[in-house]
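Protein chains in written order, with this note's numbering: chain X, 1 to 223; chain Z, 1001 to 1326; chain E, 2001 to 2286. Notes to accompany the following structure.
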């Protein structure tokens, strides 16, 4: 059952083409990775999925709720953690803004609930951003750069949380990552993007051993 | 383009003797407004700063010339000192104020004008709220036609200076600074110094116009320099086109003539007594909003772009600059 | 001593007016990034309208409340013109609101003429600690303090208030979670209009209003707000009260003619010190 369907999507920013005929799909409860270098168009795709940029051609269909964890986390720095979470449920109406379930899912946030989000560490902020996105009760979570700027241990704990959410709630995930090794180990399928196009798609395990991928994205320093 | 300029020069020089007295006054005030606006346009277009207090420097020039001549200084010297004094005031004020940007600077310049008006209103040395009276006429100038030519010359000088500034190294540097101040500063451009220089120059333009105004009218009062006057100069600069040479003249002409026309209309029999002021406020407001909204580059660059589009010439650099900032 | 107390209380009353105008500026600036130059016009319109409604025989409180509501609506209209077109940068919006402020002159003169207007407020004189002051100043304080308390509760305790703060904190993130940033901007303009209107209806009985009173109001309001970097309503309240008390004390002890100068110099000093601390380039890059 297809949850997200992007077909031949083209987006241009004042003349420059950011996305050039991109097609991508995501099934219910599927974990999919999107990898590629800086400027490949990944973030534009994320914005298109959330309706924050308009398509110049092609279309985006989302059958269900989509929530986004934006690149750079983008928490509301002067608001408390609890208020950040509450606003994540903005679309749900007043009754959908109870935050207690999030503290059960992400217990680390509990002691921080009164702190201003801007005073937290990067990993804690990423947790807030994920919690905020979960407040929308999404069917699919789009995470733009999960690991950027975070310590490996922190990333590992976030990944564990995501695995749990996937297992227990059937949450689908589209993970945009520069750390291809991380993305390919977490997800079952992956797309590789270059210069605004999808250049490779396939099973994550297969891609992880694909020469082109290992050469470009799994370079020596990971080994 | 050259022929157009020549035609404008010929027509404006031929006009004063042909105009009836009332229209001659409009001619003079239009020229003075264009002179002040030339400075505002440089300031906004090249230093990227909104001044809501330009009438303060107009007032400083006017009062400087007026006070000097009332105390026996020859009028010509008073006229020459007016822009100097205004520029010195601008340097003294600008040194601290130009650290501010955007709306902070806008309010700061507005505050400076309010302080000046209040001081002038209370200073007996300046004639207080009643005003400074008995300013002699410029030596050798008996009638208004003479003043019309003085204004013409003043405006011509101001526009020539503007043109040279725009083409100068400092002008190019400021244009670069308006796009990225950090980058310009990093590449060794003394942005702060140039910006202060433009501020002082724009004040000098206003001061010079103020000096002519003082001798032309013969009396000055704080009420002649309301905050609204500063706003009018901004309207003229924006409508004409920021950072262009012809923009201030076109902007001042469009607005002064339009307001004059509406004034005639508003004083027709049967119109309520408030009609002239209401009409002029409405015109300033609507022109400003429409210009900023639908023609952010102003009349001159827009017209030039339309013209160059048909002749397939490249757009002027200043139009490009404003396009980026708009 | 009783003189001093009298001046302070009067100053608090006047300062409350500045604080209301200033907090209106803050409400709009935080959410939209626009310094609303038409802020003083809200006060003038509400004051003029109140005088008309009272003349027409409507009772107090109702007249004032209606005028504040109308000011809020005018606020939305100003907002629509100032930020309605997507992608308008705040600098352009400032010029647009400047134009709207001048446009308000035209409307005000047509509707109410160009003569000063006033209307009676709370009459009588109160004696506090030996100081005799006009009771209306106490009314201004008595209304302003709860309004600010309500404002604080609104921003920190309601989801709508939090959403407004969210737009102020991070517009992009606000869009990500589905907050309509433009609609929040218009709401902020409504709030700014109501606060400006309230300032107008409260202060007019002790300070008559003319169509161009807006310049003094906006400058004092800006001075009150700039102390908190235009983003903190509580600081705008403190700044407004400080400004009011300073002005009254100067006036009371013989410097009456120079009270505006002092307020303006205070504002300039605050801004220059702030700029020296944060550096001018940072703001230009914003």
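Positions of the beta carbon are idealized from the N, C-alpha and C atoms, including for glycine. On a predicted model such as this, the values are computed, not experimentally measured, just so you know.
Within 8 Å of the CB of residue 2178(E), the CB atoms of chain X belong to 90, 91 and 136, in sequence order along the chain. Annotation: the segment 1178 to 1242 of chain Z contains the following complete segments of the alpha helix (DSSP H) (minimum length 4 residues), in chain order: 1181 to 1186, 1191 to 1217 and 1227 to 1240.
For the C-beta of residue 2159(E), the chain X residues within less than 8 Å are, from N- to C-terminus, 86, 87, 90, 94 and 97.
In terms of Cα proximity to residue 2098(E), the closest of 1276(Z), 1233(Z) and 1243(Z) is 1233(Z). Per DSSP, residue 140(X) lies in no alpha helix (DSSP H) segment; the continuous beta strand (DSSP E) that holds it begins and ends at 140 to 144. Cβ proximity to chain E below 9 Å picks out 1096, 1097, 1098 and 1099 from the segment 1085 to 1099 of chain Z. Linking residue 2121(E) to residue 2068(E) through their CA atoms gives a straight-line distance of about 16 Å. Annotation for residue 1254(Z): the continuous alpha helix (DSSP H) segment containing it runs 1247 to 1266. The residues 1108, in chain order, have a CB closer than 8 Å to that of residue 1100(Z) in the same chain once the five nearest residues on each side in sequence are set aside. Residue 1061(Z) sits close to residue 1085(Z), with the two beta carbons spaced by under 8 Å.
Cβ neighbours of residue 1140(Z) within its own chain (closer than 8 Å, five residues either side excluded): 1146. When secondary structure is reduced to three states using DSSP, residue 1098(Z) falls in the coil class, being assigned neither helix nor strand.
In the displayed model, residue 2048(E) falls within a helix according to three-state DSSP. Contacts with chain E at 8 Å (Cβ-Cβ) include residue 1102(Z).
Taking 8 Å as the threshold, the shortest C-beta distance from residue 49(X) to chain E does not fall below it. Using a CB distance cut-off of 8 Å, residue 2271(E) counts as an interface residue toward chain Z. In the DSSP annotation of this structure, residue 2115(E) is not part of any alpha helix (DSSP H), being labelled neither H nor E. Straight through space, the alpha carbons of residue 1093(Z) and residue 1067(Z) are spaced by roughly 21 Å.
In the DSSP assignment, residue 44(X) falls within the unbroken alpha helix (DSSP H) covering 42 to 49.
The beta-bridge partner set that DSSP reports for residue 61(X) consists of 5(X). Under a 10 Å Cβ-count criterion, residue 82(X) is classified as buried, with 16 or more other Cβ atoms of the shown protein chains found around its own Cβ.
Around residue 1293(Z), the beta-carbon contacts reaching into chain E at under 9 Å are 2081, 2085, 2088, 2092 and 2096.
If you ignore the 5 residues before and after residue 2005(E), its C-beta comes within less than 6 Å of the C-beta of 2129 and 2131, all in its own chain and listed in chain order. Taken atom to atom, the span from the alpha-carbon of residue 2111(E) to that of residue 2045(E) is near 10 Å. Look at residue 2023(E): its C-beta is not under 8 Å from any C-beta on chain X.
Residue 2061(E) counts as exposed, since fewer than 16 other C-beta atoms from the protein chains shown sit within 10 angstroms of its C-beta. The DSSP-derived three-state label of residue 2193(E) is helix. Residue burial annotation: residue 1125(Z) is exposed, with fewer than 16 other C-beta atoms found within 10 angstroms of its C-beta.
In this structure the segment 2235 to 2242 of chain E lies against the segment 2009 to 2027 of chain E, because at least three pairs of beta carbons, one per stretch, are closer than 8 Å. In the structure shown, residue 1023(Z) adopts helical secondary structure according to DSSP, grouped into three states. For the pair residue 2066(E) and residue 2221(E), the CB atoms are not nearer than the 8 Å cut-off. For residue 1187(Z), none of the residues of chain E pass the 7 Å Cβ criterion, the least Cβ distance being about 14 Å. The Cβ of residue 1231(Z) sits closer than 8 Å to at least one Cβ of chain E. Considering only 33(X), 176(X), 20(X) and 87(X), the residue with the shortest C-alpha distance to residue 70(X) is 176(X).
Counting along the chain, residue 2208(E) sits inside no alpha helix (DSSP H), nor does DSSP assign it H or E at all.
Here the C-alpha atom of residue 1255(Z) lies approximately 9 Å from the C-alpha atom of residue 1280(Z).
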